[in-house]
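Working notes, beginning with the structure itself.
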Amino acid sequence: MSGHPESESFVDKSFVSNLLIGQALSEFISRFQLQLPQPGSLSANCHHAAVLIPIICRPEPTLLLTRRSDHLRKHAGQVAFPGGKADPGDHSLIDTALREAEEEVAIPASAVHVLGQLAPLDSFSGYQVTPIVGLVPANITFHGNEEEVAGLFEIPLHEALSLSRYYSLDIQRGGINHRVYLSWYESQFVWGLTAAIIRRLAQQVNI
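Quick note: the sequence shown uses my numbering, first residue 222, plus one each step.
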């Protein structure tokens, strides 16, 4: 588990001042800092994982997403954030997210400025997944790990955070009702845990 409370702010003003941050991103950071995370539900999952929500500091900020390789055993071909299960050597779930992002899409952990984290969400695969929100300089060269990542793409942040983009679908799995969220960006279909994470971030900053 992470040693940081969910509501804690990690913003280092001197670090942020060195990034090229426009008005849109500055407003996002302010809103993110001012609002407490949306509360999570009680979880039956005992395994922990984390994903990085990489916000790329372009003049029009974007979210970086991956499309998982088609040959993977789980979640093949799905759109996802870089992330994975916690390893024993990780000191926190922030470490987990940063390590996985470096392994999957070559974002150096030292280049990420962590803003904070969202409340954990449960995955169908039995993990309690904590999203870590981080700023990434636009001059970083991203490339996917060929074993895990089939492609990378970016969504403008203002589009990703529009709650009207997300549609709900109620399904039954293992005799339990679940609500799944769906969205599209150009030719990319975003659904499941990834859509739920973005929607939760949108809820937090749009309050």
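Here a beta-carbon is modelled for each residue, glycine too, at the ideal position from N, C-alpha and C.
Since the structure is predicted, the reported quantities are computational estimates derived from the model, not experimental observations.
Simplified DSSP assignment, three categories, for residue i
i, result
"serine 223", "Here the model assigns serine 223 a pLDDT of 38, short of 50, so the residue's position is not dependable and the matter cannot be decided."
"arginine 421", "helix"
"glutamate 248", "helix"
"alanine 307", "coil"
"glutamate 229", "Low confidence applies to glutamate 229: its pLDDT is 44, below 50, so where it sits in the model is not reliable enough to give any reading."
"glycine 337", "strand"
"arginine 279", "coil"
"leucine 342", "strand"
"serine 389", "strand"
"leucine 356", "strand"
Residues that residue i bridges to, as DSSP identifies them
i, result
"threonine 351", "Ala271"
"glutamine 409", "Tyr406"
"alanine 301", "Thr287"
Cβ-Cβ distance between residue i and residue j below 8 Å
i, j, result
"alanine 245", "proline 282", "yes"
"glutamine 349", "histidine 399", "no"
"glycine 372", "valine 326", "no"
Host alpha helix (DSSP H) of residue i (start-end)
i, result
"threonine 362", "From DSSP, threonine 362 is part of no alpha helix (DSSP H); its letter is neither H nor E."
"arginine 320", "314 to 326"
Span of the beta strand (DSSP E) around residue i
i, result
"leucine 475", "Lying before the first or after the last residue shown, residue 475 is absent from the chain, which here runs from 222 to 428."
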